[in-house]
Amino acid sequence: MSRPATVAVLAALSLGSASCFEMDVSYRGEPWQPAQTPPANPQHVPVIGDIQVPKFPPVGPSGVVTVKVSDIDGDLSSVHVSFQKPVMRSVSGSLATLEIGGPELGEGYGVLTVMLWDATGKSSTRTVSNVLVDLTPPKIVLGQTVVSSQGELELWVGDAWILGQVRLEVGGQVLSHVFEPGWPETLGKTWDYSLVKFPMAGLPAQKGAAKLVATDAAGNTKTESFTLDIDATAPLVSIVSPAEGAALAGVATIIIESSDAGGGPVWVDVSLGGTPLGSLGGGKQVLSVNTAELLPGAHPLVVTATDQAGNQSVAQRSVTVE
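Sequential numbering from 9 applies to the sequence shown in this note's numbering.
If you want it as structure tokens, here you go:
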């Protein structure tokens, strides 16, 4: 399933805190490698070695940034990591490896700075650009939950940064939709929303518990439980009057009767020779038609009943307009 463009009306939903940051980036649809400043290594200055920042997916609630530091004199003292939040760590000896979790760094996009000191006060600094920490769970905007067995369950999935996947759990079965990895043009500007459609074909026609689980690229998760009604039964509809072959003149009366097996609403559209005559509700309904406004001759009278799930039934008979 191709991924649709972001719809403006949904993109206007609440962004939440720390979900939008200004930046100047070129979007190429592919994850980029965070750029690091080269390590400086003058004699007797503590060295910041490898800084491991995930290229993709972003750092999430369980993700970490790993920093390796060393000092030839064995005088390591402290490390200061600056991102959305400051992180201070004490170190000692000649070698140390630190792991800083996403929640410690704080949510945002930008430059991560690492500063290292030894016990004599000498220091070094390195930076990494294009760092993204995502701590905000996705959103699910669920549509119609009464669905035809031949139809689709539609929903919008949104994320403050980058979408990952969404799955539908129903009747012991799991349907999944995985979003194409990459950096959306909405990154740092507004929420990224996509329309997802799960086909109901192959699922049991029943009303019961279902669950949607949306996960973004960083591993944040949103779960929504609901009742899904998969309806395989079309509504009943019949033309009570006029009779087959009847002649219509003056103001003609058309009587339609319709119902749904599940007791839900029914909508009925009436047409004569392809000309719409009106729309009616369910049950027994009466429609008055001025035949002077219709083309004389034999025409098919067609009524189409549609239930809440989108199932349809058609009743038809031939009449003549005088």
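Beta carbons are placed, not taken as given, at the ideal position from N, Cα and C, and that holds for glycine.
Paired residues, beta bridge with residue i - DSSP
i    : result
M123 : H88, T133
K197 : Partner(s): none; K197 has no beta bridge.
G180 : Partner(s): none; G180 has no beta bridge.
W164 : V149, L203
D79  : None; D79 has no bridge partner.
T105 : K76
Q293 : I264
P94  : S90
T128 : The partner list for T128 (beta bridge, DSSP) is empty, contrary to what the question assumes.
Q44  : V136
H185 : V174
V67  : V141
G116 : V141
Rounded distance between the beta-carbons of residue j and residue i, thought under 8 Å
i    : j    : result
P332 : A260 : What the structure shows of the chain is the stretch from 9 to 330, and residue 332 is not part of that stretch, so it cannot be assessed.
V87  : L120 : So it is not a contact: roughly 12 Å between Cβ atoms.
L295 : I262 : 4 Å
W169 : L195 : 6 Å
S267 : G290 : 6 Å
V155 : M208 : 5 Å
P7   : D142 : A question about residue 7 goes unanswered here, because the residues of the chain that appear run from 9 up to 330.
K230 : I108 : Actually they are not in contact, since the Cβ atoms of K230 and I108 sit about 25 Å apart, beyond 8 Å.
P308 : S326 : 6 Å
N138 : A225 : About 15 Å; that fails the 8 Å criterion.
D126 : P146 : Actually they are not in contact, since the Cβ atoms of D126 and P146 sit about 44 Å apart, beyond 8 Å.
T153 : A255 : Contact doesn't hold; Cβ gap of about 46 Å is too wide.
Given residue i as reference, the closest of the options once Cα atoms are compared
i    : options                : result
Q181 : A218, E115, E330       : A218
V136 : A127, P145, V122       : V122
G282 : S321, I80, P111, T312  : T312
A213 : A222, A242, D224       : A242
S184 : V278, L302, L163, A300 : L163
V55  : G271, K63, L84         : L84
E301 : Q316, L288, L280       : L280
L171 : G129, G151, A222       : A222
Q92  : G116, K76, G71, P62    : G116
G68  : T128, E112, S102, L288 : E112
The beta strand (DSSP E) enclosing residue i, as first and last residue numbers
i    : result
G57  : 55 to 60
Q324 : 320 to 329
L309 : 305 to 315
V155 : 154 to 156
Span of the alpha helix (DSSP H) around residue i
i    : result
G110 : 110 to 113
Entirely enclosed beta strand (DSSP E) segments - the segment 216 to 290, minimum 3 residues: 229 to 239, 244 to 249, 259 to 267, 274 to 280, 283 to 289
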